[in-house]
Structure formats: C-alpha cells, structure tokens
Amino acid sequence: MLYPSIDEMMNKVDSKYSLVVAASRRARQLREGAKTDLKHPRSHKYVGVALEEIYGDMIRVIPEPVAERDENKA
Numbered sequence: 082m083l084y085p086s087i088d089e090m091m092n093k094v095d096s097k098y099s100l101v102v103a104a105s106r107r108a109r110q111l112r113e114g115a116k117t118d119l120k121h122p123r124s125h126k127y128v129g130v131a132l133e134e135i136y137g138d139m140i141r142v143i144p145e146p147v148a149e150r151d152e153n154k155a
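Residue numbering for the sequence shown follows the working numbering, starting at 82 and increasing by one per position.
Below, the structure is given as structure tokens:
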C-alpha cells in the first residue's frame, strides 16, 4: 500500500491535478537542493517526500485564482 494514499491526500487538496502540480513543484525544489523538515521520510524519492510533506501539512496547496490563470494564458 502506498503512503500516503490518494484518498488521504484528497482531504488536503481540491483536485488530483492540484496535487500533482504541487508535488512536482516541491519535488523539483528538493532535487535542486531544498531541505525537508521531515525527520524520517518513508520515501527516498523526491516526489514521495513532497507528498509526505503535503500530507503532514508542512506544505500548503493554495489554488491560483481564476483571474490570474486567465492573465497568464494571454
């Protein structure tokens, strides 16, 4: 069984897409040298650590307002 499970993670974010984007951004930061506050992460991979951080409320996922998304497309 994967930890944290997708069902547990959906309580932290509004959509699977938001979860994927947030985890990938954080994983990239970790790969580039950022440090994690997790004492003993279960995962040894960056994406797994990022998901554990989101699940542990160490990282907050804040949705981008719709107006900003529309401006970025132009």
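Yeah, the Cβ is synthetic: ideal placement off N, Cα and C, and Gly gets one too.
All values derive from a computational prediction rather than experimental measurement.
| Query | Result |
| --- | --- |
| Does the beta-carbon distance from M90 to Y127 come in below 8 Å? | no |
| Enumerate in chain order the residues of its own chain whose CB-to-CB distance from A131 is below 6 Å, with the five nearest sequence positions on each side excluded. | A104, R107 and A108 |
| With A104 as the anchor, note down where its alpha helix (DSSP H) starts and where it stops. | K97 to R112 |
| Between E195 and S124, which are expected to be in contact by the criterion C-beta below 8 Å, what is the C-beta distance as a whole number of angstroms? | Since the first and last residues shown for the chain are 82 and 155, residue 195 lies out of range. |
| Do you know how far the Cα of P146 is from the Cα of P85? | 27 Å |
| Could you check where the alpha helix (DSSP H) with I135 kicks off and where it finishes? | Y127 to Y136 |
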